[in-house]
Amino acid sequence: MAVFHCKNADDVLRAVKDYNVSFIQFWFIDVLGVLKSFQITPRELENAFEEGMGFDGSSITGFTKIQESDMVAFPDPSTFQLVAWRPSDRPVARLFCDVKNPDGTPFAADSRYVLKRMLKKAADLGFTYYVGPELEFFLFANSSQPQILDRGGYFDAPPRDLANDVRRDINFALESMGVAVEYSHHEVAPSQHEIDLRYQEGLIMADYAQTYRVVVKEIARKHGCYATFMPKPLFGENGSGMHCHQSLFRGSKNAFYDASDTYHLSSEAKSYIAGLLRHAPEFALVTNQWVNSYKRLVPGYEAPVYIAWARRNRSSLVRVPMYKPGKEAATRIELRSPDPACNLYLCFAAMLGAGLKGIEEGYELAPPIEENIFKMTDAEMAEKGIASLPGSLSEAVDNLEKSELMREILGDHLHTALLDNKKAEWDAYRTQVTEWEIERYLPIL
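Numbering (this note's numbering), first residue to last: 1 to 445.
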């Protein structure tokens, strides 16, 4: 299957004709990052590039009210690819869309637009933002119960790893859609896997990672199993994270690298890290947006709950991979708290916005914490000034609601819509009576 590099509508129209494309899927996402899609025929495509395709925004989570429901999806020609899970005979293609108001202005609650605004802010400061996420996932027998398919562990090979063929086909499908893969392996927990994407510019990577989530689920389905990005589906086992490697470049130069610094980090890199650390509690609801996200963010299980940075210490929130001589371009920082069930566009925007705030305000970075924070007492952590991420969705909601920076990054509409949705989720969750409570309290109370 060909990989396309379309630059404009004419390139897409030519490719659709040359490859006898049967349908084109228009992709966009709601406030929670859930993919929405509708299909058009090739004869409608030219008009779609010129005028967009209308839809009812009041039916999309977090978009608009019924009295102001008209929205228009404009396809981005640079995102044209054939979908890898459909037949090659009369193939189906997809295009990511920018959502706009009927007058052609950007829709404020379009997550892709939110990320674009932050990328423009970085560009105005002379930076290009690059990110490389590591999205972990589980493969189960079905979507009803977390029934594992193997008992393999980290980097295990067959026969302990029983999903080698599934990951291989996912890799092939991603590569056929232009998404470069770096690593593919079994993860720590039973039936848990990771496929790492080669770093890319922020908007491109958000589109790639969104594509990745669809590909993983579709290929798993073809193999008769179910893929989930649920952060913590198994009690007592590691959850699924999305460690995000990120850097800023000025032209071809990595702005995070400084040969004269002890850690080979520039002042911009240090302030960027300080921005992430200071504002992490505020953007936790964006990077970890579900009740279940906070079942993963607990001490142990390699979960990064403590707000500190280090080089080799994986118990810290931010890790700076060790510098390798001659690899200046690879200098980067890794934020370890996000999970793969987030809204990818908002996650990247929040991280970038917090880091840029650190640079703009000249935040000072505290010394790294290289000891195992999981083994520290509360008093030792207090002495070193180590705080924790929110312990629940409710706490994360409170932090986001108070955050002026996150309101600025997300915009009023999206900030409010996200808060309203998550308050409702927390209320629905906290009023449940669970089996754990029945088993624990009924016999003694």
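C-beta atoms are modelled at their ideal positions from N, C-alpha and C, and glycine is treated no differently.
Looking at the secondary structure, which residues open and close the alpha helix (DSSP H) in which Phe55 lies?
Counting from one through the sequence shown, the residue named residue 55 turns up at place 55. Element bounds for Phe55: not the alpha helix (DSSP H) but the beta strand (DSSP E), 53-56.
For Gln25, tell me which candidate among Val214, Glu435, Pro390, Arg336 has the shortest Cα-Cα distance.
By one-based count along the sequence shown, residue 25 stands at place 25. Cα-wise, what sits closest to Gln25 is Val214.
Does the distance from the CB of Phe256 to the CB of Ser266 come in under 7 Å?
Within the sequence shown, the letter at position 256 stands for residue 256. Within the sequence shown, the letter at position 266 stands for residue 266. Between Phe256 and Ser266, the gap from beta carbon to beta carbon is short of 7 Å.
His494, enclosing beta strand (DSSP E) - first and last residue:
The question about residue 494 has no answer here: the residues shown for the chain are numbered 1 through 445.
What's the call for Phe38, buried or exposed, on a 16-neighbour Cβ count within 10 Å?
If you number the sequence shown from 1, residue 38 lands on position 38. Phe38 is exposed by the Cβ-count criterion.
Among Asp261, Ser144, His185, Trp309, nearest to Thr228 - alpha-carbon criterion
Residue mapping note: residue 228 aligns to position 228 of the sequence shown, counting from 1. For Thr228, the closest alpha carbon among the candidates Asp261, Ser144, His185, Trp309 is that of Ser144.
Spell out a yes or no on whether the stretch 184-201 and the stretch 152-172 are touching, meaning 3 or more CB-CB pairs, one atom from each, closer than 8 Å.
Verdict: yes, contact present.
For Met71 and Gly57, believed in contact at Cβ under 8 Å, the rounded distance
Within the sequence shown, residue 57 is the residue found at index 57, counting from 1. Within the sequence shown, residue 71 is the residue found at index 71, counting from 1. Separation of the CB atoms of Gly57 and Met71 is rounded to 4 Å, and the pair is thereby assigned contact status at 8 Å.
Determine the contact status of Arg314 and Glu334, defining contact as a CB-CB distance below 7 Å.
Position 314 of the sequence shown, counted from the start, is the residue given in the question as residue 314. Position 334 of the sequence shown, counted from the start, is the residue given in the question as residue 334. Note that the C-beta distance between Arg314 and Glu334 is not below 7 Å.
For Val16, which residues of its own chain have a beta-carbon under 6 Å away from its beta-carbon, when the five flanking residues on both sides are left out?
Numbered from its first residue, the sequence shown carries residue 16 at position 16. The answer, listed in chain order, is Pro42.
By the DSSP assignment, the alpha helix (DSSP H) with Trp436 in it spans what residues?
Your numbering for residue 436 matches position 436 in the sequence shown. First-last of the alpha helix (DSSP H) with Trp436: 435-441.
With three or more C-beta pairs closer than 8 Å as the rule, is the stretch 103-115 touching the stretch 202-219?
The stretch 202-219 vs the stretch 103-115: in contact.
In angstroms, rounded to a whole number, what distance separates the CA positions of Ala396 and Met1?
Here the question's residue 396 lines up with position 396 in the sequence shown. Here the question's residue 1 lines up with position 1 in the sequence shown. The straight-line gap separating the alpha-carbon atoms of Ala396 and Met1 is approximately 43 Å.
Please state whether the Cβ-Cβ distance between Glu175 and Asp196 is less than 7 Å.
Start at 1 with the first residue of the sequence shown, and residue 175 comes out as number 175. Start at 1 with the first residue of the sequence shown, and residue 196 comes out as number 196. Not a contact, by the Cβ cut-off of 7 Å.
Does Thr262 pass the burial test, meaning 16 or more other C-beta atoms within 10 Å, or should it be called exposed?
Along the sequence shown, one-based indexing puts residue 262 at 262. Residue burial is scored here from C-beta neighbours: Thr262 has fewer than 16 other C-beta atoms within 10 angstroms and is therefore classed as exposed.
Cα-Cα separation between Val470 and Phe4, rounded to whole angstroms:
Because residue 470 is not part of the residues shown, which for the chain are 1 to 445, the question remains open.
Out of Gly353, Leu13, Phe23, which has the shortest C-alpha to C-alpha gap to Leu410?
Numbered from 1 along the sequence shown, position 410 holds the residue referred to as residue 410. Taking only the C-alpha atoms, the option nearest Leu410 is Gly353.
Cβ pair count under 8 Å reaching 3, the stretch 26-33 against the stretch 343-351:
Yes, the stretch 26-33 is in contact with the stretch 343-351.
Would you check if the distance between the CB atom of Met369 and the CB atom of Ala280 is smaller than 7 Å?
Numbered from 1 along the sequence shown, position 369 holds the residue referred to as residue 369. Numbered from 1 along the sequence shown, position 280 holds the residue referred to as residue 280. Before going further, note that residue 369 is Ile rather than Met in the sequence given. No, these two residues do not count as a Cβ contact at 7 Å.
Can you grab the Cα-Cα spacing for the pair Asn292 / Ala303, in whole Å?
Residue mapping note: residue 292 aligns to position 292 of the sequence shown, counting from 1. Residue mapping note: residue 303 aligns to position 303 of the sequence shown, counting from 1. Asn292 and Ala303 have their alpha carbons spaced roughly 13 Å apart.
In angstroms, rounded to a whole number, what distance separates the CA positions of Met177 and Glu237?
Taking the sequence shown and counting its residues from 1, the one referred to as residue 177 is at position 177. Taking the sequence shown and counting its residues from 1, the one referred to as residue 237 is at position 237. Taking the CA atoms as reference points, Met177 sits about 33 Å from Glu237.
Looking at the unbroken beta strand (DSSP E) that takes in Lys116, where does it start and where does it end?
The count along the sequence shown starts at 1 and reaches residue 116 at position 116. Lys116 -> not in any beta strand (DSSP E); alpha helix (DSSP H) instead, spanning 111-124.
Quick one: any contact between the stretch 159-172 and the stretch 219-228, if contact means 3 or more CB pairs under 8 Å?
Taking 8 Å as the limit for Cβ pairs, the verdict is that the stretch 219-228 does touch the stretch 159-172.
How close, in whole Å, do the beta carbons of Ile219 and Trp426 come, if the pair is a contact with beta carbons under 8 Å?
Position 219 of the sequence shown, counted from the first residue, corresponds to residue 219. Position 426 of the sequence shown, counted from the first residue, corresponds to residue 426. That belief does not hold up - the Cβ atoms of Ile219 and Trp426 are roughly 34 Å apart, past 8 Å.
Keeping to the same chain, check which residues put their C-beta closer than 7 Å to that of Val179; ignore five residues upstream and five downstream.
Along the sequence shown, read from residue 1 onward, the residue named residue 179 stands at position 179. If we look at Val179 and ignore the five residues flanking it on each side, its Cβ neighbours are Leu197, Tyr208, Thr211, Tyr212.
Could you tell me which residues DSSP puts in a beta bridge with Ala366?
On the sequence shown, position 366 is the one that residue 366 refers to. For Ala366, DSSP assigns no beta-bridge partner whatsoever.
Rounding to the nearest angstrom, what Cα-Cα distance links Asn101 and Ser69 in this structure?
Translated into positions along the sequence shown, residue 101 becomes position 101. Translated into positions along the sequence shown, residue 69 becomes position 69. Those two C-alpha atoms are separated by around 9 Å.
For Asn292, does the three-state DSSP call read helix, strand or coil?
Taking the sequence shown and counting its residues from 1, one reaches residue 292 at position 292. DSSP places Asn292 in coil when its eight states are reduced to three.
Closest to Ala387 by C-alpha separation, out of Cys97, Ile373, Ser394, would be which residue?
In the sequence shown, the residue the question calls residue 387 occupies position 387. Ranking Cys97, Ile373, Ser394 by Cα distance to Ala387 puts Ile373 first.
Can Phe138 and Pro233 be called in contact, C-beta distance under 7 Å?
Working through the sequence shown from its first residue, we reach residue 138 at position 138. Working through the sequence shown from its first residue, we reach residue 233 at position 233. Contact: yes.
Inter-stretch contact (C-beta, 8 Å, three-pair minimum) for the stretch 268-283 and the stretch 353-368:
Verdict: yes, contact present.
For a quick check, are the C-beta atoms of Cys6 and Phe80 less than 7 Å apart?
Indexing the sequence shown from 1 puts residue 6 at position 6. Indexing the sequence shown from 1 puts residue 80 at position 80. Their beta carbons are under 7 Å apart, which means Cys6 touches Phe80 by this criterion.
Is Trp436 buried or exposed, if buried means 16 or more other CB atoms sit within 10 Å of its CB?
The residue labelled residue 436 in the question sits at position 436 within the sequence shown. Per the 10 Å Cβ criterion, exposed.
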